[in-house]
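Enquirer:
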Amino acid sequence: MIRLQKVTKTYDQKINVVKDLDLQIEKGELVVLVGESGCGKTTTMKMINRLIEPTSGDIFIDGQNTKTVDGNELRRNIGYVIQNVGLFPHLTIEHNIATVPLLCKKNRDEVMERVKDLLDLVDLPHEQYAHRFPRELSGGQQQRVGVARALANDPDIILMDEPFSALDPITREQLQNELLKLQDELQKTIVFVTHDIDEALKIGDRIAVMAGGKILQYDKPEDILKNPHNDFVESFVGSDRLWKTPDMLRAEDIMSKKVVEIGARRSVAHAIELMKEHNTDVLVVVDKVSPRPNKLLGIVGTNRLKGVTDHSVKMEDIMKADVVEIPHHMNLTEVLGIRKEKKIRYSPVVDEDGKVIGIITNTSIINVFTDIVPETEEY
Amino acid sequence: MTLIQYIVDNYQLIVQKAGQHIVLAGIGVLIACAIGIPTGFLITNSRRASNIVINIANIFQTIPALAIFAFGIPLLGIGTKPAIFALVLYALLPIIKNTLIGINNVDPAIIEAARGMGMSKSQIMFKVEVPLAISVIMGGVRIATVTGIGIATIGAFIGAGGLGQLIFQGVGMVNYNMVVAGAIFSSLLALLADFILGILESKLTSKGIIKRETI
């Protein structure tokens, strides 16, 4: 765990690059610091491994104040990947990766064994690449070696400073995916700096949007998209971003929150009355008697009521019982898939306790998008 | 034919003088390396310091060799000492300059990566900067050696011996074979030294580095 506490970096006693910054990064989390150039994101990152010393404030790693540790010792236990890769041109790939463990006087044979594993991990076959020099590798391959080098000493924390920015878009995407795969496997604590909000949204477990040396918002990607704290964050993220990332939209975002419940033993007349009163065309039939009160039993839409004249008919007789419950955190793509596959008109959304908190209908889905897209033309 | 005859007849003298010559130039360049390479390293971080040092070295370079030899005499007497003193002053400029250029040419990203990995200042110097700059530094040493061997001939003027002695004596005795033999062997010595240092340079330079031509 990394904790920054009231960290400030000032140059020439006046320019605050980073101001009173508090940030907590949990173990195994991939946190992205994102912002325009000069927002202090790189400075913040470099203060973690003390490449830059904070003017004031404290940084704790697993509870230990980094000031109490020797700087070089600290850095040897924190992986570091930079935009320009910075491989040592005079050393072979193998020795580039082995540099830090060998500095730490680890057993040479074990280190070389680990280098082998690491090359496999970043998809560069050992026999083919170990003895080459950096200049014989493409940019993407070099950065893979950069990542392997950062992992060499098996650090808990890895700092990445715009590691993929200098690569072409296809290679960049490839390396992003590989980083995510690696992270699934290794569960390192990663601090990733980028100016690219798309990249941040794609790879971050949490994102800290920075401007003027401060963190404006520190949230999960979907929360940054859905609830930007201020105009800056909103414009930085881009208000149309949700469109491009349907995975970020959850069932709870696209449902209609109007849930009108009706007891299973109520009559059709009562149902019609409720629909009129609440101006809705669908009712959620629940179990009003124990053992589990308000348990979802089925759904009744207007079609089910049509032509029913017998007033003794109860809801449980005409309701659609085999409804597919949608968990509230399911994403839009999955919801649409289920609805299409099962030809469902009404999808009740349930929370962790199985309580119905909303209903997804075609109308509710369309409403979400009309909310997002501003009206630009009048007819 | 007479030149060859002279060389054959006097090869012992020539070998002896060539030996003196090598010692003279060799010691001069070694001392210059011992002073120049660390100086080059020390001044890399300061533009002002490097300007001052380079300017002083430049001034040494502009003083005629004979004058430096002469200046050395009151301090160090006659013989090899003032000659070596002069050679050192001459050799300093190319060595300091190339060390400076070599270190400054190291990609800053590489240094940043090295710092970020937790390498100490001296580790960065010996494991990164020196290996990367070595071919440029060696280029400076080669220039210093070749010019040093040339200048060492003048050392004979103040009693330092070497192949220059053949030239000066030859002029005095109007023995042109002697003059030419002295000149040819000092040239050959320079070429040989450059060749050997060239081999040393490529041995010291990693295959991972594309060799840059240096002046």
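From first to last, the protein sequence lines stand for chains A and B.
In the numbering used here, each residue carries its 1-based index in the first sequence increased by 8.
In the numbering used here, each residue carries its 1-based index in the second sequence increased by 8.
Every residue gets a Cβ at the ideal spot worked out from N, C-alpha and C, and that includes glycine.
Quantities reported herein were computed from a predicted structural model and do not represent experimental measurements.
1) According to the Cβ coordinates, are A:Ile23 and A:Leu167 closer than 8 angstroms?
2) Leaving aside the five residues before and after A:Lys17 along the sequence, list all residues of the same chain whose C-beta is less than 7 angstroms from its C-beta, in chain order.
3) Using the rule of at least 16 other Cβ atoms within 10 Å of the residue's Cβ for burial, across every protein chain shown, is A:Thr371 buried or exposed?
4) Might you give, ordered along the chain, the residues of its own chain that have their beta carbon closer than 8 angstroms to the beta carbon of B:Gly206, omitting 5 neighbours on each side?
5) Could you work out which residue in B:Leu101, B:Phe79 and B:Phe68 is closest to B:Thr47 when comparing CA atoms only?
6) My guess is that A:Val294 and A:Leu304 are in contact by the Cβ rule of under 8 angstroms, so how many angstroms apart are they, rounded?
7) Let me check understanding here. Comparing Cα to Cα, which of A:Leu82, A:Thr288 and A:Glu360 lies closest to B:Gly126?
8) Does DSSP classify B:Phe49 as helix, strand or coil?
9) On the DSSP letters alone, give me the boundaries of the alpha helix (DSSP H) that A:Asp176 sits inside.
10) Is there a Cβ from chain B that is less than 8 angstroms from the Cβ of A:Thr63?
11) Is it buried or exposed, B:Val7, if we count other Cβ atoms within 10 angstroms and call 16 or more buried?
12) Considering only residues of the same chain and omitting the five flanking positions on each side of A:Glu230, which have a CB-CB separation below 6 angstroms?
13) Just by C-beta distance, which residues in the stretch 134-160 of chain A are closer than 7 angstroms to chain B?
14) Counting along the chain, where does the beta strand (DSSP E) carrying A:Val26 start and finish?
15) For a test of the three-state rule: what should DSSP assign to A:Glu269, helix, strand or coil?
16) Check the Cβ of B:Ser130 against every Cβ in chain A and list those closer than 9 angstroms, keeping chain order.
17) How would you write the range of the alpha helix (DSSP H) that A:Thr51 sits in, first residue to last?
18) Name the chain A residues whose beta carbon is nearer than 9 angstroms to that of B:Met127?
19) Consult DSSP for A:Arg274 and reduce its assignment to one of helix, strand or coil.
20) Looking at the unbroken beta strand (DSSP E) that takes in A:Ser2, where does it start and where does it end?
21) Tell me which residue opens and which closes the beta strand (DSSP E) that A:Thr197 is part of.
22) Under 8 angstroms, with one C-beta from each stretch per pair, do the stretch 188-205 of chain B and the stretch 152-170 of chain B reach the 3-pair mark?
23) Quick one: Cα of B:Glu221 to Cα of B:Ser143, how far?
24) Write down every uninterrupted run of the alpha helix (DSSP H) in the stretch 124-171 of chain B whose length is 4 residues or greater and which is fully enclosed by it, in chain order.
25) Around the Cβ of B:Tyr19, are there at least 16 other Cβ atoms within 10 angstroms (buried) or fewer (exposed)?
26) With a threshold of 7 angstroms, establish whether the CB of B:Ile109 neighbours any heavy atom of the ligand NAD.
27) So the beta strand (DSSP E) A:Gly309 belongs to, where does it begin and stop?
28) Please classify B:Tyr184 as buried or exposed, where buried requires at least 16 other C-beta atoms within 10 Å of its C-beta.
29) In three-state DSSP terms, what is A:Gly366?
30) Is B:Leu140 close to chain A? Criterion is C-beta to C-beta, closer than 8 angstroms.
31) Suppose you measure from the CA of B:Lys215 to the CA of A:Asn185; what does that come to, to the nearest Å?
32) Measure the beta-carbon distance from B:Glu120 to A:Ile90 and round it to whole angstroms, keeping in mind my assumption that it falls under 8 angstroms.
33) In terms of residues, what are the limits of the alpha helix (DSSP H) holding A:Ala160?
34) Assign A:Tyr19 to one of two classes, buried (16 or more other C-beta atoms within 10 Å of its C-beta) or exposed (fewer than that).
35) Compare the Cα-Cα distances from A:Pro335 to each of A:Leu190, A:Leu145 and A:Ile365 and report the closest residue.
Expert: The answer reads as follows:
1) Counting from one through the first sequence, the residue named residue 23 of chain A turns up at place 15. Counting from one through the first sequence, the residue named residue 167 of chain A turns up at place 159. Against a cut-off of 8 angstroms, the Cβ pair of A:Leu167 and A:Ile23 comes out as no contact.
2) Your numbering for residue 17 of chain A matches position 9 in the first sequence. Excluding positions up to five away in sequence, the list reads Val25, Val26, Thr51, Met55, Ile60, Pro62 and Thr63.
3) Walking along the first sequence from the start, residue 371 of chain A turns up at place 363. It counts as exposed.
4) Taking the second sequence and counting its residues from 1, the one referred to as residue 206 of chain B is at position 198. Excluding positions up to five away in sequence, the list reads Arg150.
5) Here residue 47 of chain B is taken as the residue at index 39 of the second sequence, counted from 1. Measuring from the Cα of B:Thr47, the nearest candidate turns out to be B:Leu101.
6) The count along the first sequence starts at 1 and reaches residue 294 of chain A at position 286. The count along the first sequence starts at 1 and reaches residue 304 of chain A at position 296. Right, their Cβ atoms sit about 6 angstroms apart.
7) Taking the first residue of the second sequence as 1, we reach residue 126 of chain B at position 118. When only C-alpha atoms are compared, the closest one is A:Leu82.
8) The sequence position of residue 49 of chain B within the second sequence is 41, counting from 1. Looking at B:Phe49 - three-state DSSP - the assignment turns out to be helix.
9) Here residue 176 of chain A refers to the residue found at position 168 of the first sequence. Here A:Asp176 belongs to no alpha helix (DSSP H), and DSSP marks it neither H nor E.
10) As a working mapping, residue 63 of chain A is identified with position 55 in the first sequence. Chain B, which has no Cβ nearer than 8 angstroms to the Cβ of A:Thr63, makes this no.
11) Since the displayed chain B opens at 9 and closes at 223, residue 7 of chain B lies outside it and no answer follows.
12) Taking the first residue of the first sequence as 1, we reach residue 230 of chain A at position 222. Excluding sequence neighbours, A:Glu230 sits near Met256.
13) Phe141, Pro142 and Arg143
14) Residue mapping note: residue 26 of chain A aligns to position 18 of the first sequence, counting from 1. Start and end: Ile23 to Ile33.
15) Taking the first sequence and counting its residues from 1, the one referred to as residue 269 of chain A is at position 261. Strand.
16) Counting from 1 along the second sequence, the entry for residue 130 of chain B is found at position 122. Chain A residues near B:Ser130: none, gap ~11 angstroms exceeds 9 angstroms.
17) Residue mapping note: residue 51 of chain A aligns to position 43 of the first sequence, counting from 1. Its alpha helix (DSSP H) spans residues Lys49 to Ile56.
18) Residue 127 of chain B sits at position 119 when you count from the first residue of the second sequence. Near B:Met127 (Cβ distances below 9 angstroms), the residues of chain A are Asn80, Arg83, Arg84, Thr107, Val108 and Leu111.
19) Here residue 274 of chain A refers to the residue found at position 266 of the first sequence. Three-state result, A:Arg274: coil.
20) With chain A covering only 9 through 387, there is no way to say anything about residue 2 of chain A.
21) Within the first sequence, residue 197 of chain A is the residue found at index 189, counting from 1. Thr197 to Thr202 is the extent of the beta strand (DSSP E) around A:Thr197.
22) yes
23) Within the second sequence, the letter at position 213 stands for residue 221 of chain B. Within the second sequence, the letter at position 135 stands for residue 143 of chain B. For B:Glu221, the predicted model reports a pLDDT of 49, less than 50, meaning its position is unreliable; a value from the coordinates is still stated below. If I take the Cα positions, the gap works out to 9 angstroms.
24) 138-163
25) The residue given as residue 19 of chain B occupies position 11 in the second sequence. Under this definition B:Tyr19 is an exposed residue.
26) The ligand NAD is not among the ligands present in this structure, which contains no ligands whatsoever.
27) As a first step, residue 309 of chain A is located in the first sequence; it is residue number 301 there, counting from the start. Its beta strand (DSSP E) spans residues Lys303 to Gly309.
28) Along the second sequence, read from residue 1 onward, the residue named residue 184 of chain B stands at position 176. So B:Tyr184 ends up on the exposed side.
29) As a position in the first sequence, residue 366 of chain A is number 358, starting the count at 1. A:Gly366: strand per DSSP, three-state reduction.
30) Within the second sequence, numbered from 1, the residue matching residue 140 of chain B stands at position 132. It does: the Cβ of B:Leu140 has a partner Cβ on chain A nearer than 8 angstroms.
31) Sequence index remark: in the second sequence, residue 215 of chain B carries index 207 (1-based). Sequence index remark: in the first sequence, residue 185 of chain A carries index 177 (1-based). The alpha-carbon atoms of B:Lys215 and A:Asn185 are separated by roughly 33 angstroms.
32) The sequence position of residue 120 of chain B within the second sequence is 112, counting from 1. The sequence position of residue 90 of chain A within the first sequence is 82, counting from 1. About 6 angstroms; that satisfies the 8 angstroms criterion.
33) Residue mapping note: residue 160 of chain A aligns to position 152 of the first sequence, counting from 1. First-last for A:Ala160: undefined, no H or E at that position.
34) Residue 19 of chain A sits at position 11 when you count from the first residue of the first sequence. Exposed, because fewer than 16 other Cβ atoms sit within 10 Å of the Cβ of A:Tyr19.
35) In the first sequence, residue 335 of chain A corresponds to position 327, counting from 1. Of the candidates A:Leu190, A:Leu145 and A:Ile365, the one whose C-alpha sits nearest the C-alpha of A:Pro335 is A:Ile365.
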